[in-house]
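According to the working numbering, the sequence shown is numbered sequentially starting from 1. The beta carbon of each residue, even a glycine, is placed where N, CA and C say it ideally should be. Source: prediction; values computed, not measured.
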Amino acid sequence: MFPSLITPGVKPRPALVVSADRFHRDLPDVIVCPISSQPRYYRRPGRGDSPLRDWQAVGLRYPSTVRISKLLAVDRRIVRKGLGMLSSQDLAKVDTGLQQALGLD
């Protein structure tokens, strides 16, 4: 799911929630990967970057990249409604990237 993160005084930013509902149900935070529209991450992704092939279908305005290497926990109160769902192909790439980053592969 793609929410926008809302922080007072800062422009909303898209992110991918990667924690399971059952995991963060009783916690104040959710675990997310930020999403960047910076061209350098899309054109030349580094280790920990997953460019989204179907970025337009999700509702993003520009080619975008999930920054797996920037995984973070955020207070659920700053998470705004979801923009959409990843395509199965993009989700599989992010899943593989998370497994590699966390040593679960």
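Go ahead and pull the three-state DSSP assignment for Ser50. It is a strand residue.
Quick check: Leu86 and Leu16, are their CB atoms within less than 9 angstroms of each other? Taking 9 angstroms as the Cβ cut-off, Leu86 and Leu16 qualify as a contacting pair.
Is DSSP giving Leu72 helix, strand or coil here? Strand, per DSSP.
Would you call the stretch 36-47 in contact with the stretch 16-28, where contact means no fewer than 3 C-beta pairs closer than 8 angstroms? Taking 8 angstroms as the limit for Cβ pairs, the verdict is that the stretch 16-28 does not touch the stretch 36-47.
Can you tell me which of Lys93, Leu83, Gly97 and Leu102 puts its alpha carbon nearest to the alpha carbon of Arg53? Distances from the alpha-carbon of Arg53 to those of Lys93, Leu83, Gly97 and Leu102 put Lys93 closest.
Contact belief for Arg67 with Gly48 at Cβ below 8 angstroms, rounded distance in angstroms: About 7 angstroms; that satisfies the 8 angstroms criterion.
Residues near Ile35 by beta carbon distance below 8 angstroms, same chain, minus five either side: Correct list, in chain order: Phe2, Arg13, Pro14, Ala15, Leu16, Leu52, Leu60, Ser64, Thr65, Val66 and Arg67.
Do you know offhand how far Arg80's Cα is from Leu72's? Distance between the alpha carbons of Arg80 and Leu72: 16 angstroms.
Cut-off 8 angstroms between Cβ atoms - residues of its own chain near Gly46, not counting five sequence neighbours on either side: Within its own chain, the residues whose Cβ lies closer than 8 angstroms to the Cβ of Gly46, once the five positions on either side in sequence are excluded, are Ser69, listed in chain order.
With burial defined as no fewer than 16 other Cβ atoms inside 10 Å of the residue's Cβ, what is the status of Asp90: buried or exposed? By the 10 Å Cβ count, Asp90 comes out buried.
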